[in-house]
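Residue numbers (my numbering): 1 to 194.
Where is the CB? At the ideal position from N, CA and C, for every residue including glycine.
Bear in mind that the values here come from a model prediction, so they are computed numbers and not experimental data.
So the structure is just underneath, and the comments pick up after that.
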Amino acid sequence: MPAELQTAVQTLLCLTLDHIAFLEKQAVQVEHCLTQEMETAHPEVSHLINIKGLGVVLAAGIAAEIGDLQRFFAGQKWDKRRRRFRDKNLRDVEDAVAKYAGLWWPRHSSGDFEGDERRLSKQGNHFLRYYLVEAADKLRQYQPEYQTFYERKYRETKKHQHKRALVLTARKSVGLFVGLLHRNEPYRPQEAEC
1 MPAELQTAVQ TLLCLTLDHI AFLEKQAVQV EHCLTQEMET AHPEVSHLIN IKGLGVVLAA
61 GIAAEIGDLQ RFFAGQKWDK RRRRFRDKNL RDVEDAVAKY AGLWWPRHSS GDFEGDERRL
121 SKQGNHFLRY YLVEAADKLR QYQPEYQTFY ERKYRETKKH QHKRALVLTA RKSVGLFVGL
181 LHRNEPYRPQ EAEC
């Protein structure tokens, strides 16, 4: 490197490192403020924060985007087997939240033909979908149950293996998050079977 550029490059590198340190300090401060807000105004988020791998930002984002679960319990659902309306249960709410996030695969059919490849809907709350997919990525890294599920789904196909397995893991994680928020209880990982 030419000598006349060396001083300028050195100064630029020092300024860049100072800026990175400043941004890291701000990120810590924002996370601290977010944690305090969650503890006082939204204690149910602490149940999601207890999941290993999920940080304050993901837990707060998921809880904020889902909002009040009672709105998903509103109304009744047609029961095909009993042929009458019934109140919604937790599984129905889980399905509604997944559909709200756009984690569902609509059928493509015409007459007797039904398409084999079904694409992700992507309609719905894209912020919630983002948080759920990011959380699924963390769950597969830290939770054995989700890691096993991810690996099984990864092996099932040859196209878009990682994306498909990750979105299916996100869909499975909706049940965990909805259950914890509904029951208002801390996360307890499944015990390993001997």
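Between the beta-carbon of residue 63 and that of residue 42 there is about 6 angstroms, and that keeps the pair under the 8 angstroms contact cut. Remark: C-beta atoms of residue 145 and residue 76 do not approach each other more closely than 8 angstroms. Going by C-alpha positions, residue 52 is about 45 angstroms away from residue 7. DSSP places residue 86 within a strand segment (E or B) once states are collapsed to three. In this structure, residue 136 and residue 170 form a Cβ contact; the two beta carbons are roughly 4 angstroms apart against a cut-off of 8 angstroms. Below 8 angstroms, too few C-beta pairs join the stretch 143-158 and the stretch 117-126 to call them touching: fewer than three. The alpha-carbon of residue 45 is positioned some 8 angstroms away from that of residue 181.
DSSP places residue 79 in the uninterrupted beta strand (DSSP E) bounded by 76-79. Rounded to the nearest angstrom, the gap between the Cα atoms of residue 188 and residue 111 is 47 angstroms.
When DSSP states are grouped into helix, strand and coil, residue 156 belongs to the coil group. When only Cα atoms are considered, residue 121 and residue 100 end up about 10 angstroms apart. The three-state reading of DSSP puts residue 121 in coil, since its state is none of H, G, I, E or B.
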